[in-house]
Ligand SMILES: Cc1ncc(COP(=O)(O)O)c(C=O)c1O
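Residue numbers (our numbering): 2 to 448.
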């Protein structure tokens, strides 16, 4: 397959006629629970570009929710997957051993924070690697409670959903069916501090509240198996807390004999300018969950824990397809890109260009209330007024739609934010082109 993408190219107003026909078919057979933020009917992709069925080419500033950051159909990954598929597709993860899993675990564990022995469990998705973390924590501590943070997204299974509060819709009608025993504490969302404080200069009331109220009154330490957090909230709106907050939660866990679980499903693989966000924030999770970019879009998650936590009885937790040889071959190729081709460093560079462009937009448009940025992960929160901070949800939705029409893929997050997580191999000119489209769309919305 050869590609000659030189930038976004809209040949017919999307969705074009072919896309419309596919959308109609999709509407009749697929679950209507899928959000379908934009009418993209993707046919192929390469590098930072995705082409739809009508021949429109889109620049991908979202990487399919922070997944394809190494670029679509990355050559090294494609080759590794093709070779493995011709060799062995499946053996079964419960009963037999496969080479890619062992090699991957050996390499990946060395890249995770904490100078202690570790073990890994392979799964098929972000939610599933969180479920494994929940089970590890409960099995080892024999405690039934957990604490999570408001606005978090950890997945949609009955365990991970019980820890998720980013949107009211996902929990509706499941309240009494989800995993019981979860209490919530406010996250350090400083732009909208629930304690009406300003950071720096506050007393970290969020940590005080966690310790004094949630931990000591709702789920006491002797009943709390784990606390879980995202180092920066992804679906919640790319909310970046102060390091002090995350390290404070970690300390409260350590002081109280509670396992500290970090959900890096979205933040891992260089997006923050660090291979793992935990490195930047100075965290050493007892349980670390990683997925999304791990295998360039192939379904994979991994849960890494202190070794002793995963020295549990056989059959306690396993799956058939987790760590499938083809998927892990893709993941090994992704690791090569980070270890040998400097994909974290590339991301840091793209992040600089992206942040510079977005900061210019922030100066230009009152509609932008807050910009939160770490590496290539850039959240832009839209507000009706910078004074009242009223969320501009309809305008955010319009921004996502308009940029799509102009050939740029971005994703919404939180109440009125958009999140950018572009491909790490973009050139400065490509980043500027994406910023230009954002600029044009913002101009149209605010005129
Ligand atoms: C932080 C975080 N955890 C867990 C998940 C769940 O991952 P999946 O959609 O693969 O189940 C997501 C997905 O967006 C996520 O962002």
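All C-beta atoms in this analysis are idealised placements derived from N, C-alpha and C, irrespective of residue type, glycine included.
(Q) Please state whether the Cβ-Cβ distance between residue 114 and residue 279 is less than 8 Å. (A) Here residue 114 corresponds to residue number 113 of the chain shown, with the count starting at 1. Here residue 279 corresponds to residue number 278 of the chain shown, with the count starting at 1. Contact: yes.
(Q) Tell me the residue span of the alpha helix (DSSP H) that contains residue 345. (A) Mapped onto the chain shown, residue 345 falls at position 344. It spans 344 to 365 - the alpha helix (DSSP H) in which residue 345 sits, taken as one unbroken run.
Q) Based on the DSSP output, what are the partners of residue 234 in its beta bridges? A) Reading the chain shown from its first residue, position 233 is the one you call residue 234. Answer is 240, bridged to residue 234.
Q | Limits of the unbroken alpha helix (DSSP H) element including residue 269 | A | As a working note, residue 269 is residue 268 in the chain shown. Where residue 269 is concerned, there is no enclosing alpha helix (DSSP H), given that its DSSP letter is neither H nor E.
Q | Spatially closest choice to residue 155 from 168, 136, 128, by CA coordinates | A | Residue numbering aside, residue 155 sits at position 154 when the chain shown is read from its first letter. Comparing Cα positions, the closest option is 128.
Q. Would you say residue 239 touches ligand 1, meaning its beta carbon is less than 7 Å from a heavy atom?
A. On the chain shown, position 238 is the one that residue 239 refers to. Residue 239 has its CB no nearer than 7 Å to any heavy atom of ligand 1.
Q. Taking any heavy atom of ligand 1 as the mark, which residues have a C-beta closer than 6 Å to it, listed down the chain?
A. Close to ligand 1, as judged by a C-beta nearer than 6 Å to any of its heavy atoms, are the residues 66, 126, 127, 128, 131, 154, 155, 156, 231, 235, 236, 264, 266, 267, 292, in chain order.
(Q) Here's the rule: buried if 16 or more other CB atoms are within 10 angstroms of the residue's CB, otherwise exposed. What is residue 175? (A) Residue numbering aside, residue 175 sits at position 174 when the chain shown is read from its first letter. Taking every protein chain shown into account, the CB of residue 175 has fewer than 16 other CB atoms within 10 angstroms, so this residue is exposed.
**Q.** the stretch 231 to 238 touching the stretch 121 to 137, judged by at least three CB pairs closer than 8 Å
**A.** The way I'd put it, the stretch 231 to 238 doesn't touch the stretch 121 to 137; fewer than three beta-carbon pairs between them come closer than 8 Å.
Q. According to the Cβ coordinates, are residue 82 and residue 71 closer than 8 Å?
A. Your numbering for residue 82 matches position 81 in the chain shown. Your numbering for residue 71 matches position 70 in the chain shown. At a Cβ-Cβ threshold of 8 Å, residue 82 and residue 71 do not count as neighbours.
Q) Taking DSSP as the reference, what is the three-state secondary structure of residue 128? A) Position 127 of the chain shown holds residue 128. Correct three-state label for residue 128: helix.
Q. From which residue to which residue does the beta strand (DSSP E) around residue 52 run?
A. Here residue 52 refers to the residue found at position 51 of the chain shown. Counting along the chain, the beta strand (DSSP E) containing residue 52 begins and ends at 50 to 53.
Q | Cut-off 6 Å between Cβ atoms - residues of its own chain near residue 405, not counting five sequence neighbours on either side | A | The count along the chain shown starts at 1 and reaches residue 405 at position 404. 39.
Q) Hey, quick one: how far does the alpha helix (DSSP H) through residue 430 stretch, first residue to last? A) Within the chain shown, the letter at position 429 stands for residue 430. Per DSSP, residue 430 belongs to the alpha helix (DSSP H) from 429 to 447.
(Q) Checking 8 Å against the spacing of the C-beta atoms, do residue 348 and residue 415 come in under that value? (A) For the purposes of this step, residue 348 is taken as residue 347 along the chain shown, with counting starting at 1. For the purposes of this step, residue 415 is taken as residue 414 along the chain shown, with counting starting at 1. No; because the gap between Cβ atoms is not below 8 Å, this pair is not in contact.
Q: May I ask you to report which of helix, strand or coil DSSP gives residue 77?
A: Translated into positions along the chain shown, residue 77 becomes position 76. In the structure shown, residue 77 sits in a helix (DSSP, three-state: H, G or I).
Q | Top-ranked residue by Cα proximity to residue 173, from 182, 159, 184 | A | Working through the chain shown from its first residue, we reach residue 173 at position 172. For residue 173, the closest C-alpha among the options 182, 159, 184 is that of 159.
Q | Limits of the alpha helix (DSSP H) - the one that residue 108 falls within | A | In the chain shown, counting from the first residue as 1, residue 108 sits at position 107. Start and end: 100 to 112.
Q. Span of the alpha helix (DSSP H) holding residue 64?
A. Reading the chain shown from its first residue, position 63 is the one you call residue 64. 64 to 67 is the span of the alpha helix (DSSP H), which, as asked, contains residue 64.
(Q) Let me check understanding here. Comparing Cα to Cα, which of 22, 90, 108, 130 lies closest to residue 303? (A) Sequence index remark: in the chain shown, residue 303 carries index 302 (1-based). Selected option, being the one with the closest Cα: 130.
(Q) Counting C-beta neighbours from all protein chains within 10 Å, is the total for residue 255 16 or more, i.e. buried, or is it exposed? (A) Stepping through the chain shown from its first residue, residue 255 is reached at position 254. The residue is exposed, with fewer than 16 neighbouring Cβ atoms inside 10 Å.
Q. Below 8 Å between beta carbons: does that hold for residue 157 and residue 178?
A. The residue given as residue 157 occupies position 156 in the chain shown. The residue given as residue 178 occupies position 177 in the chain shown. In this structure, residue 178 does not lie closer than 8 Å to residue 157 by Cβ.
(Q) Which residue wins for smallest C-alpha separation from residue 190, given the options 321, 104, 152, 80? (A) Counting from 1 along the chain shown, the entry for residue 190 is found at position 189. In this structure, 152 is the residue among 321, 104, 152, 80 with its C-alpha nearest to the C-alpha of residue 190.
Q. Nearest to residue 1 by alpha carbon, out of 67, 6, 93?
A. Coverage of the chain is limited to positions 2 through 448, which leaves residue 1 absent and any answer about it impossible.
**Q.** Straight-line gap, residue 161 to residue 36 (C-alpha atoms, nearest Å)
**A.** As a first step, residue 161 is located in the chain shown; it is residue number 160 there, counting from the start. As a first step, residue 36 is located in the chain shown; it is residue number 35 there, counting from the start. Answer to the nearest angstrom: the Cα atoms are 19 Å apart.
Q: For residue 132, count neighbouring C-beta atoms within 10 Å of its own C-beta (all shown protein chains included) and say buried if the count is 16 or more, exposed if not.
A: Locating residue 132 in the chain shown gives position 131, where the first residue counts as 1. Classification of residue 132: buried, given that the 10 Å Cβ count is 16 or more.
Q: Look at the alpha carbon of residue 218 and the alpha carbon of residue 146, and state the distance between them as a whole number of angstroms.
A: Your numbering for residue 218 matches position 217 in the chain shown. Your numbering for residue 146 matches position 145 in the chain shown. Between residue 218 and residue 146, the C-alpha separation is close to 12 Å.
(Q) Quick check: residue 411 and residue 424, are their CB atoms within less than 8 Å of each other? (A) Reading the chain shown from its first residue, position 410 is the one you call residue 411. Reading the chain shown from its first residue, position 423 is the one you call residue 424. In this structure, residue 411 sits away from residue 424, with a CB-CB distance that is not shorter than 8 Å.
Q. Along the chain, which unbroken stretches of the alpha helix (DSSP H) at least 4 residues long are found entirely within the stretch 134 to 186?
A. Whole alpha helix (DSSP H) segments, 4+ residues: 169 to 172.
Q | Ranges of the beta strand (DSSP E) found wholly within the stretch 397 to 430, counting only runs of at least 3 | A | Annotation: the stretch 397 to 430 contains the following complete segments of the beta strand (DSSP E) (minimum length 3 residues), in chain order: 412 to 414, 418 to 421.
Q: Following the continuous alpha helix (DSSP H) through residue 379, name the residue where it begins and the one where it ends.
A: Along the chain shown, read from residue 1 onward, the residue named residue 379 stands at position 378. Segment 378 to 383 is the beta strand (DSSP E) holding residue 379; no alpha helix (DSSP H) there.
Q. Measuring CB to CB, does residue 230 end up less than 8 Å from residue 266?
A. Residue 230 sits at position 229 when you count from the first residue of the chain shown. Residue 266 sits at position 265 when you count from the first residue of the chain shown. Against a cut-off of 8 Å, the Cβ pair of residue 266 and residue 230 comes out as no contact.
(Q) Going by the DSSP bridge assignment, what does residue 225 pair with across the sheet? (A) For this step, residue 225 is matched to residue 224 along the chain shown. DSSP lists 146 as partners of residue 225.
Q.
Does the structure place the stretch 291 to 302 close enough to the stretch 329 to 336 that three or more beta carbon pairs sit under 8 Å?
A. As far as the Cβ criterion goes, the stretch 329 to 336 touches the stretch 291 to 302, which means the pair count is three or higher.
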